[in-house]
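Chains as they are written, first to last, in the working numbering: chain A, 1 to 168; chain B, 1001 to 1168.
Notes follow once the structure below has been shown.
Protein chains: 2
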Amino acid sequence: MRNSFVKLIVSNAKLSGMTCPAELDRFEVADKLHSAAIHLLRHAAKPDAQSGQGPARLSALSVLVFGGPKTLGELAAAERVKAPTMSRIAAGLKRAGLARIQKDGKDARRIQISATAKGERVLQEARQRRIRALAEALAVLGPGELTALQGAAEIIERVVRERVIRAN
Amino acid sequence: MRNSFVKLIVSNAKLSGMTCPAELDRFEVADKLHSAAIHLLRHAAKPDAQSGQGPARLSALSVLVFGGPKTLGELAAAERVKAPTMSRIAAGLKRAGLARIQKDGKDARRIQISATAKGERVLQEARQRRIRALAEALAVLGPGELTALQGAAEIIERVVRERVIRAN
DNA sequence: TCGGATATGTTAGCCATGCTAACGATTAGC
DNA sequence: GCTAATCGTTAGCATGGCTAACATATCCGA
Chain A
1 MRNSFVKLIV SNAKLSGMTC PAELDRFEVA DKLHSAAIHL LRHAAKPDAQ
51 SGQGPARLSA LSVLVFGGPK TLGELAAAER VKAPTMSRIA AGLKRAGLAR
101 IQKDGKDARR IQISATAKGE RVLQEARQRR IRALAEALAV LGPGELTALQ
151 GAAEIIERVV RERVIRAN
Chain B
1001 MRNSFVKLIV SNAKLSGMTC PAELDRFEVA DKLHSAAIHL LRHAAKPDAQ
1051 SGQGPARLSA LSVLVFGGPK TLGELAAAER VKAPTMSRIA AGLKRAGLAR
1101 IQKDGKDARR IQISATAKGE RVLQEARQRR IRALAEALAV LGPGELTALQ
1151 GAAEIIERVV RERVIRAN
């Protein structure tokens, strides 16, 4: 999936249709952000391989660890994935001993998926490795730059959340 | 792959070992950035599906369009992917008429991969859709927030680039 | 110059992750 | 109670990562 979209102001201008300066800026910022996000995630993803689990499983496991037990449908929705995909991910987590699957007492169609102690440990270790790798990279920054990044992260979350809500 | 690592200050403190406030901040910022990057890319990736090409192909194609013709090895290195993987991606691009593959005159082992006119068009359209989706999301922001995001993107690029160089 | 080492791609085959279609079982609702 | 909706699974397809093993081609040292 690895990427490297070169940032060309020229092509941004072409894309935006040269409408106005504000428009141009948005496109430029969007392009830079996209590239930065790709590079940041590529950097952060490296340590995850050590866990022996794929990204989909780690991600689903994190939902279970931080969000508590979920039915398959809930987990699929949380991960924005279709039910068959999550069915397979859950089976993989169970096979690896990271999650348990129990019947729902009230609705026999449903299943309850929850993280095991081993699952919690594996997730925390993977998370620790990933965040530590990023945090080490951030160690070269001063407090002002850290604050800028934190603010940017919050802006991004807000913007994306608004879009998602509008889309639904 | 979809993710949603919940940000818990408590667990950050646990991860950092409670060494000092600056350490804690780095972990917190790292976690927020990671989450924001995932959500941003998830948002930006949606329009790409319209192109009918997978992300790996689009990404490799962008390298060809913006970086010019490449040998398979060069393209694999640019995408941080092994040769067999890029071999298959290149075959897919050729099959879709987005790239051409020519023999290298000087070294018969090598091949030259380059984007076709159709490839350029398809990439620009996909890129346009993707960046436009992001730019629309950014439309709710004021100039100060845009500037903050741009600065953050530059900081991220700098930090990650330094790490990559150091790792090599 | 020749022959082994190195470099470059390809093929085969594994696994993980996404999807849709089709199905089985269960529950809800009229 | 019968029909329709819901929930999960299975089967099958495509993409995209990997390693191992291979075929060529080039390089380099004896």
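Backbone N, C-alpha and C fix where the C-beta goes; we use that ideal spot for every residue, glycine too.
Using 10 angstroms around the beta-carbon of residue i, count the other beta-carbons present and answer buried if the total reaches 16, otherwise exposed.
i        : result
I1156(B) : buried
A1022(B) : Low confidence applies here, because A1022(B) scores a pLDDT of 48, under 50, leaving its location unreliable and the question unanswered by this model.
D1107(B) : exposed
R1026(B) : buried
A83(A)   : exposed
E1136(B) : exposed
K1103(B) : exposed
Q1050(B) : exposed
I38(A)   : buried
Could one say the Cβ of residue i lies closer than 8 Å to chain A's Cβ atoms, at least one of them?
i        : result
V1160(B) : yes
A1148(B) : yes
K1070(B) : no
E1120(B) : no
E1074(B) : no
L1134(B) : yes
R1026(B) : yes
A1126(B) : no
I1131(B) : yes
A1115(B) : no
A1037(B) : yes
A1108(B) : no
A1137(B) : yes
At a Cβ threshold of 8 Å, is residue i touching chain B?
i       : result
L98(A)  : no
G52(A)  : no
R31(A)  : It is worth fixing the name first, because residue 31(A) is Asp in this sequence and not Arg. For D31(A), the answer is yes, since a Cβ of chain B falls inside 8 Å of its Cβ.
A153(A) : yes
A89(A)  : One point to set straight first is that residue 89(A) is Ile, not Ala, in the sequence displayed. No, because no Cβ of chain B sits closer than 8 Å to the Cβ of I89(A).
I101(A) : no
V140(A) : yes
L40(A)  : yes
A170(A) : The shown model of chain A, from 1 to 168, leaves out residue 170(A), and the question about it has no answer.
E157(A) : yes
A44(A)  : yes
Check whether the Cβ atoms of residue i and residue j sit closer than 8 Å, and answer yes or no.
i        : j        : result
I1089(B) : A1126(B) : no
I1111(B) : A1099(B) : no
L61(A)   : A115(A)  : yes
V140(A)  : L1149(B) : no
L138(A)  : V1159(B) : yes
L93(A)   : M86(A)   : no
Q53(A)   : A91(A)   : no
V1081(B) : K1070(B) : no
L1041(B) : L72(A)   : no
A77(A)   : A1152(B) : no
Assuming residue i contacts residue j under a Cβ cut-off of 8 Å, what Cβ separation, rounded to an integer in Å, is found between them?
i        : j        : result
L1058(B) : L1134(B) : In fact, because the Cβ distance is near 15 Å, the residues do not count as touching under 8 Å.
V65(A)   : E154(A)  : Incorrect: roughly 23 Å between the Cβ atoms, too far for contact.
Mind checking whether the beta-carbon of residue i lies closer than 7 Å to any heavy atom of the ligand ADP?
i       : result
Q128(A) : Because no ligand of any kind appears in the structure shown, any question about the ligand ADP cannot be addressed here.
Using a Cβ distance threshold of 8 Å, determine whether the stretch 123-134 of chain A contacts the stretch 42-55 of chain A, with at least three qualifying pairs required.
In short, these stretches touch, since the Cβ pair count reaches three.
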